[in-house]
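Heads up: the sequence shown begins at 5 in my numbering, then just goes up one per residue.
Ideal placement from N, C-alpha and C gives every residue a C-beta, glycine not left out.
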Amino acid sequence: MVYRTSSSVIADFDAGIRAANITAAKAQYEAAKNTYESVARNAVREVEEAMAKLNSTSQRLEDVNKAPDGFKISLSATQMRYQASLANLFDLEDARRADLQAQTNVVTLTNERVLAWISLYRAMGGGWTQALNSPVVIFDHDVKQTE
């Protein structure tokens, strides 16, 4: 009896190891693909949410910025009425409270807007490390840039 073996014959009898490796590689590929798709969907969702929040706060800030002027006028009128004994102290304090609340609303919404910018920056992949000697740059969105 003569046994002849060649590398191709031996490769055919690997007890299914190659097939198992191929199956494992396909499973790893599918897992990696699913992870990537999940991360990508999450990133897009975070960006969309941050942009929506930024847009919402920008629109509301326009309206909220107008309110303090009206409440200042109301406070001034109430102070004049109080000095002329046409309004009581309760009316005056109520006008002061409303004026202060309007100013507080502007500060609160401005803070929300800054947080929305930070959320958008993070969602877009912005980092937080800064060199110790590098200057701090403050971005003012209201400044129009020329081209």
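Cα-Cα separation, residue i to residue j
i	j	result
Asp98	Ala120	32 Å
Ala127	Pro72	33 Å
Ile122	Asp67	22 Å
Leu79	Asn92	13 Å
Ala54	Ala24	45 Å
Gly130	Asp18	50 Å
Glu151	Ala56	Because the pLDDT of Glu151 is 44, which lies under 50, any placement of that residue in the model is unreliable, and the question is left without a value.
C-beta neighbour in chain B for residue i, strict 7 Å
i	result
Ile21	Of the protein chains in the structure, only one exists, and it is not chain B.
Local Cβ density within 10 Å of residue i, reported as buried at 16 or more and exposed below that
i	result
Val6	Here the model assigns Val6 a pLDDT of 47, short of 50, so the residue's position is not dependable and the matter cannot be decided.
Arg104	Reading the sequence as shown, one finds Leu at residue 104 and not Arg. Leu104 should be labelled exposed.
Ala35	exposed
Ala106	buried
Thr108	exposed
Ala47	exposed
Thr61	buried
Thr39	exposed
Host alpha helix (DSSP H) of residue i (start-end)
i	result
Gly74	21-87
Asn109	93-127
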